[in-house]
Structure formats: structure tokens, C-alpha cells
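Notes follow once the structure below has been shown.
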């Protein structure tokens, strides 16, 4: 049975040493002293370690079952969901007006990492509800909000997002689901949606579907899509549940992973729906909450890596095999623990240095989102929009890769179901696909975000890196972090320059390099995070911190990232600079 | 249902345009004109496409079942195995003295790729038998050979390899299985083995287990291991089957993939065994056939990539979504096929350029093995020994990565079981682990093979690359292949130099870079293969080949590899040159 221990100590390091949140000038952050965050994280840790993590394998093995239109979740899920609800974990960052606790999104992010590591398939039920909550909160009328949000905040009612149809996923302009206006102001929704996570299940008394559909007079393409609330059960004016709506689950998808989450075919047969926001503006409504949703998927990616790493590490310390070539380390045993071997170290350090960098990057992004929303800071909003595809694409690619590395640490045991590593690999795999495939993320980055507001945000990013490097370059102990970061950042700028110079002539010169650019950008971001964490660690050591070993370990891990991961930027740049010629050379028929 | 089309055309290109096998001075090769190889490949293709590939999903979904000590294989496997036997596919490269066809190993390799692509789990039953055949053929007495080999050549009897025990896999010096000599010259074998592929099943009338065990007077460690034949059913002198031996399957492993293959716990309870070769020389016996076994696993790795790619390509041509930014390609449809998009191309070209390079490299390696065995060529033997860990480690890592890329091409469909891509990912994953994890391959490469015979073989490799570059550098059209190859080869030499200069002082400086070195080496090998394939294609075009498009596509694919894959060598070198410091900095307790 795999283990999970919530990394509360490292989270507190990120929150307080790195981000210094209680000093940040963001409404609500002043209450986040380290005692408060520690108390929250420890409570969440208990639930994750004792209740959710043990159900992860159960969910995988048992899966979900559709019986007479009802989806039965794996044994134990419903009880656990009740505990999550009772603990108030569903409402952390929700609006107090609707019963939420009004905590910063950053706190929900830290807790979210634990929930995702412990049981990603389970946590999706809550995650999807939160996504639907956000969309309704941002775009629906006060009346709809008052009717639906309070019970979604508590997760008494679940929520879903219905975008994909069999013939269209990425290209939503092609959707066929129809919404026909009725005399009473409601709409009749008819169509088929696929891959609807948590579309039907037995853990909530109602499910509020958000459905993209087209009005009869809708313009062609994405500019003709509207967003509707379609409840599973109609909600009476007094809040009680009424009739069953014509929104039903037509089947469950068999998938590689996240078996504990019900991936549904949803059929809408003239179901009653309510328009959210303006007609034809459904895509905009979706997009405004996409930053948070995509950040949440990036988090899932590295969170799977994080739990996989813990299990790989435990194995590497326990399993004895072979001897340290530089001298026996375990003379009383038949062999040395495999953690003595350099290639096992290389593997573990790749995992560790990525995960800790990813955590810092994600928390930093969550803080930017808080700044954007709570301070109404347009620059923070622009920066986090720019980096959202990097967080989603890079962290899920590398998060998946990390689960594969962790699996490899266990050798043959990693391939067996018994040890659980292979489940982390299978579960992590979806994060590279949903909420926009990583290829789409890279197009969003290069095709939209780079040039947004005249390139203002990418320039701000470079300025931020540059001023950090300038400020820190001569500080004792920082050169070994600042110099590689400078080099990597230079590669990123050169790649951007290549796109500017060659993308005008032929956009394919930019698009052919978009994926490499996303990874290049990701490495620079993690390099920056590691340099900042080094700075924070040096400060703590200079201030004679009680836990010297923690900070020295942090510095050593950062040095590894700089030495062994950051050199990837050169290869990404080299690939980008070859342009579209070799990528597009073949006719489709010649493949 | 996934598709599979055997790549006979590309195989013939490798055999005849690239390797020019019928002109090669290797006994048996003179008979391999293109009509002969075409006939063999086409027959194999029929079986693979029509019989084995359709059973791949069945095997995955149904798996193997242990009932009263007997393993039931998935429905259809036994019939298919009969067809494989009847077609003579099990005996291609076996010794005619024992009923084999005596064909070169190269031919068995080409056919093996198809079998592995079509149904890897199924083909392992035959593959393991062939491995056991090889060990017995190379090391057992004439009497044992006469008794066991003829029926193993036909696969009427299966074969297995029993190395791993619960407490030891990589470090076989720790094995506990005992062999006690009996008065009649036999041995009583007692112990538990795990992860025994094809250890028990219902497709053969007998199973011949090869078991590593220790004699009572055995020296400690790997120098005290002996190899035994332990038949499932005793074999009488007239060849008929006698009593059941005390070799039983105690359980089946639940695994991430290759469900169609039975991975058995094997219990030997005083089972009767026969010594193969000399006492205490069991590891040597294993090692002599390891080159072929590991080459076979490298082949499995890229073969899974190959079939996954075919399915990704078909999807990319068929699925319409979005429009080509440089101009609509499918004006009559609602959108363009996704193959028009540069990032989809990038993905497909990564797959295609790897697979074709890997095929060439593996076939070339098989030819080297034939040269080593059939010409008794020590240099060829040394070279293939050097490159075996590269073939195994690099091709399985990249093969797995290719299945993941192919899965990504399908977006959400790639994650569903229906489309079958996720099975290729799960099946390919084992190739990075078994037959020595890829970490172990990299240690074998850097710790043993580089310095073997005074570094003679690695020098021969560099000479081969160098003289090719010198000879071809000025030939028209070759510079774009030769120049990147030169640069990559220089990186490889620099890495080797780093090991020499820093590995003496501290072996961890070399071992910390072993994995990167294996990949660096792999890229140089594939770069060399692409340069050679470019040369062959230019020749064919100059000779006015009828199929111009094929050769031009080959050149374009090679250019892609040079531009987009080979730049990885710089990053691998940079990582290697940082040495052991950052890798080994942490105490085990500080992780």
C-alpha cells in the first residue's frame, strides 16, 4: 500500500520564507501568520493521510459503476466526502456571501495539493464543483447565484463542466448542443456531451451542470456559444428539490486512470436550463475562470509526482541491493540501500528538485491570482495569464515524467499494482490532456499570451528576472544560482526573438516551436523559483535558523536543479531556432 | 480497435538499401535477396495483422488466470500460438541440428518487430522460450541439448528464465535458491522465484525452466551461482513426458501492462534439475546470451512506439478540428484534419524519426551479432557488446516516450481504453525495467563496456563515425547530415573524456552521468543511422529509383531528426560535466 505524508513543512517554507505571505500587501493575507497556516495544513494533512490516501487504491481497483442511470462511486468515497464537507474543506476560498470562508486562493491551493496527492480521482468531484461555482459566481445573475451557490459551496450539490462533444473538444466552435428559449425565460437544452467528469454520482443530492450550447440565432463558431445551468433535479423557489430534469448519464468511459472519478456521457433531452451571463458569451465566461482551472491541473500534475516521489524515496532507503562503489555503507546487511548508488540519486534528485520547484511556482502563481483578484491588480492578472499555460503544460508534463521516474526507482515492483506506483503514472497521465491538451497550452502561450497587451506581460516577466539577477548577482552564495538563471533567461529571450523575427513571415515558424518554448519557459520559471528559494534559505541560515539541515538541503536541491535541469533550455532553443522547415516538410499523404 | 500494418517496405529499405545484406560477407546472407526477405516479411505480416494484433486488446482485458495451479491464457491465444508454430515462426534462426531453419538472427529480428508490435504480451511466450533455447544451446551438454532443444525450437515446449527472488533482482549474488546434488547426477532445487514471465500457461505441453541456484559448496556472491534445467514434466528417455516435477506456479502478479503474459511466482520444492554448464558458472551462461536478449527488449520498446505511431497518424489524418493558420486545407469540411497543425506535426515527426532510426539501429545491431557469431568476428562482438546497453536503454526509454506522444496525439481519446493507445503505453513501460533496468544498462555501459578490452570498442565506434563523416562530408547533399553528426559525436567524446579525467579520482563522477551518457550515445547512434539512411536514399534517387517519394520522405525525416533530436546531446553533455557534486550532495537522511 503506497504511503502519503503531507509536506506541510515544505509548504510552510514556501508560504513564509519564500512568499512571506503575512507581509504581502494583499487583502486577507495579513491573517495568514505561520501558526494559522500551520493549523490549517495540519488539519488537512490528517484528513488526507488517514482518510483520502487509503481510498486511492480502492477507487482505482473498484472504479465507478452505472446502474439504472445512477453512478455508484467506490466503497468509502461517500463517507469520505461527508468528512470533507463537515471539515469545511469545500468552502475555503469561497465567497462569504454564499457561505464560504473567504480565505485566499493560495490557501486553497496548498490544501488542494494535498488532496490531489492523496486521491486525485476523489478530489475531482470537489474540484469540478468549485470550477462550476467560480463560473456561476463570476457570470450568473444574483438570483441564480443565490439559488445555486450556497449548496455548491458546501458541496451538498456537485457541479460539472460540459464542453466536449463527440466531434469536438479543442474546436468548440463546432458544438451542436441546442438551447431553445421558452416563454418562461428558461431554455430547453438538447444534445450529447462526452468526458464529463463527475457528471453523475451518488455523493451529492443534486448536481448542477454547466453546459455550453447554441441558441437558435447563434452566430457561427465560438462567438455563438452560450452557457447554461442545467440542474439534475429542478430546484424549487424554497430551495427544496423538485422534479428530475432530462439530464442523464448515458454511459461511463473506461479509462487508463482516475478510475474513481466517473467520466460520463451526458444526454440532454430537452432539459430545462438557465442562461448564465449574456447570450453568445459562453466562451468568455469559460475563459475567465480558465486561469484558475488550469493552475489547478498543473497542481494535480506535480502533486502526483510528489506522492510518487515519497514512495520511491521510501523504497530507495529500504531496499538493499549492491554496494556503494566508494565504500560499503551498510556493513551489517547483505547489501547497501539502493539510495547509495549515483544513478538512483540522479533519479531521486530529478524528482525532488522538480517537485519542490513546482510547488513554489504554483503557490507563487496562486498568490499572483490573489493579487489580481483581491487587489484588482491588472499587471498581476496579465502575468498570471501569461504563465498559466506554462504552469499547466510544463508542470503536468514534468509531473507525469516524475511519476515515471519514481516508478523506475522501484524496478520491477514499480510495474506491479501492489506497490501503487503504476497508478500514480496512470492517474497523472490525464493532466497532460484535460483542461486543454498541453499542445493547446503551448499554442495559447505562443499564439495569444506572448503578444497580449503588446507583449507587456512577457516584458514584465523578463524585467522581474533581470532585476532579481541584478540585485542578487553579487550577494555572497547567490552567483551559482543567478548565473545559470541568467543564461536560461537569455535562451528564453532568444527564442522569443526568433518568433518575432520569423513568425511574421510564416506563423508556422513560431507554432513549430511552441511546445519547446513552453518547456523552456517552465525551466526558467523553476530556475527563478530555485534562485529565490536559495535567497530565502541563505537568509534563514544567516539569521541562525533552528533547522539548519532543512535550509542546507534546500540549497543543495536547488544547486542540483541549476546544474542538471536548467541546461535543457539550450536544447529547447536549438530546436526552436530550426523553425518550421523540417517540421512541415512532408505532405500529409507522405507520412 | 487499434490498427496495425506491418512496415514491410521500410524494413526492406533497411535490409537492402541501408544494410545491403545480400552483399554482406556473412554466411547465410547471400541467400537473402529482396524477393526472399519480402516473401518472409509478407507472410509474417499476414499473421501479425490478421491474427495477433486483434488479440492484443483481448489479452489486455482478459488477462491470465490461475486455476488449480494451471494458468489459463486469454481466449484465442492458444489457437494463435498453434498458427505461429505451424508457420514455423518459432524456429527461424534456430540451429538446423535441432530442427531450426538456420536463418540469420537479422531475419528473426525483423519478424520479431512485427510480432512485438502486433501483440507484445503474446510474443513473450515465444521470446522467453527462444532465450532459454539460446542458453541451453550455448552451455548445456549434448545430451541435454538433444533432449530439450528440438521441442523448444518448435515451441511445443515453452521455456523460462528464473533469476529474480523477492529480496534480489539486480544483485543476484544474494539469491537463496538451493541446488542439492543427488546420487544420480541430478539436483534437488528448492526456492522461490518471482516475476517469471510465461512461468506457467496452457499453450505448451511442457515448460522448461532455467533456474539460477546455489550449490551447497558455492562461493559467496555472483561467482557461486549455477544454472539448472528444471522441466515442468519430467522427460523420459524416449522423449515422452513423465511425472509432474515439483515446480509450480504459486501466484500471478497483477501488473500495469502485458496482461496477456503470465508473470508467475514460481515455487521449487525439491524439484529435479539438471546442471547446465559448469558449477558456479551460471552467471556467465546468462551473460553470453544477454546481448541478444537485451537487443530483443530494445526492439520491443520501439516496436510499441511503432504501432502506437500508426494509430496516432491515422487519427491525425482523420480527426478534423481547427483550421490551418496558413490557409484552409479542407474547405468542404467543418474543420481541417489536425495533421495540418505544426504542433501535431512536431509530435508525429518526433515519433516517426525515432522509430525509423531505431529500426535501422536495431537491424544494424542484429547484423553485427550475426557477424560476431557467423564470422566469429571479435570486433563485431565487442562493438555489439558495447552498444547493447544503448540499444536496450535508449530504445526502450524513447519507445515508451513515443507511445506517450502517440497517446497525446489523440487527446482525450488517447486516455480511453477504447482507442487502445493507453495499452501501448502500459505495455511499453515494462521494457524500461526488465532484462536489467535502464539504470543498470547505463552502469553496464559506463562501468564495464566503455573500458572493455582497453577501450578498444568505443574507439572503434568513434573511428567508424569519423571515417563515415570524412568520406561523406563533401558529398553533395550530405553536409546537412554529416555536420550535426560530427557535433553530436564530439559531445560524446567530450563526455567520455570527462569520465576518464574525473572518474579515476571519484567513480561517482562517471556513475552520476551514466544515464545521460547512455542517451547521448543513443542519439549519436541514431544520428549515424540517419546519415547512413540519407546516403542510401540519395543513392537510390541518383539511380532513378521508381519510388522517389519514399526516398524523399526518408531524407525529410532524417533532416528532422538532425534538427530536432540531435541537439539533445549538448544538454546531456552539460549534465554529465557537472559531475557527482550536486547528485551526491545530500545525506540519505536529508532527503
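Protein chains in written order, with the UniProt record's numbering: chain A, 1 to 591; chain B, 1 to 591. Just so you know, even glycine gets a beta-carbon here, dropped at the ideal spot from N, CA and C. Being a predicted model, the structure only gives us computed values, none of them experimental.
- Residue nearest to residue 301 (chain B) within the set B:358, B:292 and B:320 is B:358 (criterion: CA-CA distance).
- With a cutoff of 7 Å on beta-carbon distance, residue 230 (chain A) and residue 218 (chain A) are scored as not near each other.
- Between the segment 443-455 of chain B and the segment 266-279 of chain B, the count of Cβ pairs shorter than 8 Å is below three; the stretches do not touch.
- Interface flag for residue 480 (chain B) against chain A is unset, since no Cβ pair is found closer than 7 Å.
- When secondary structure is reduced to three states using DSSP, residue 249 (chain A) falls in the strand class.
- Any Cβ of chain A closer than 7 Å to the Cβ of residue 483 (chain B) would place that residue at the interface, and such an atom is absent.
- Scanning chain B for C-beta atoms nearer than 7 Å to the C-beta of residue 429 (chain A) yields 415, reported in chain order.
- Taken in chain order, no unbroken stretch of beta strand (DSSP E) lies wholly in the segment 475-541 of chain A with a span of 3 residues or more.
- In this chain, the beta strand (DSSP E) harbouring residue 231 (chain B) covers 226-231.
- Residue 274 (chain B) carries a strand assignment under DSSP once its states are collapsed to helix, strand and coil.
- The three-state secondary structure of residue 174 (chain B), taken from DSSP, is helix.
- With three or more CB-CB distances shorter than 8 Å, the segment 383-401 of chain B counts as touching the segment 295-313 of chain B.
- Counting only unbroken stretches of 4 or more residues, the alpha helix (DSSP H) elements lying wholly within the segment 345-429 of chain A are 378-409, 412-415 and 421-429, in sequence order.
- Annotated three-state conformation of residue 557 (chain B) is helix, per DSSP.
- Taking a beta-carbon distance threshold of 7 Å, residue 325 (chain A) counts as an interface residue toward chain B.
- Within chain B, no C-beta atom comes less than 8 Å from the C-beta of residue 158 (chain A); the nearest is roughly 21 Å away.
- Contact annotation: in the segment 536-570 of chain B, residues whose CB is within less than 7 Å of a CB in chain A are 549, 553, 556, 559, 560, 563, 564, 567, 568 and 570.
- In this structure residue 50 (chain A) is exposed. Its beta-carbon is surrounded by fewer than 16 other beta-carbon atoms within 10 angstroms.
- Assignment of residue 74 (chain A) by DSSP, reduced to helix, strand and coil, places it in the coil class.
- Just so you know, the alpha carbons of residue 549 (chain B) and residue 181 (chain A) end up roughly 56 Å apart.
- Boundaries of the beta strand (DSSP E) around residue 211 (chain A): 206-213.
- Residue environment: residue 31 (chain B) is assigned as exposed (fewer than 16 neighbouring CB atoms within 10 Å of its CB, all protein chains considered).
- For residue 11 (chain A), the uninterrupted alpha helix (DSSP H) run begins and ends at 8-12, by DSSP.
- Using a Cβ distance threshold of 7 Å, residue 123 (chain B) and residue 117 (chain B) do not count as a contacting pair.
- Closer than 8 Å at the C-beta level to chain A, one finds these residues of the segment 342-374 of chain B: 342, 343, 344, 345, 346, 347, 348, 349 and 352.
- Comparing alpha-carbon positions, the option among A:254, A:121 and A:206 lying closest to residue 66 (chain A) turns out to be A:254.
- Here DSSP, grouped into helix, strand and coil, assigns residue 161 (chain A) to strand.
- In this structure, A:368 is the residue among A:201, A:37, A:89 and A:368 with its C-alpha nearest to the C-alpha of residue 391 (chain A).
- The shortest CA-to-CA distance from residue 14 (chain B) to any of B:529, B:455 and B:571 is the one to B:529.
- Judged by DSSP in its simplified three-state form, residue 239 (chain A) adopts coil rather than helix or strand.
- Taking a beta-carbon distance threshold of 7 Å, residue 411 (chain A) counts as an interface residue toward chain B.
- Our two residues, residue 89 (chain B) and residue 127 (chain B), have alpha carbons roughly 11 Å apart in a direct line.
- Approximately 15 Å separates the beta-carbon atoms of residue 132 (chain B) and residue 189 (chain B); this is outside 8 Å, ruling out the contact.
- Residues of chain A with a Cβ closer than 9 Å to the Cβ of residue 321 (chain B) are, in chain order, 167, 168, 169, 170, 171 and 174.
- Close to chain B, meaning a Cβ-Cβ distance shorter than 8 Å, are the following residues of the segment 500-514 of chain A: 506, 507, 508, 511, 512 and 514.
- Scanning its chain for C-beta atoms nearer than 7 Å, with the 5 sequence neighbours on each side dropped, one finds around residue 52 (chain B) the residues 80, 115, 118, 119 and 122, in chain order.
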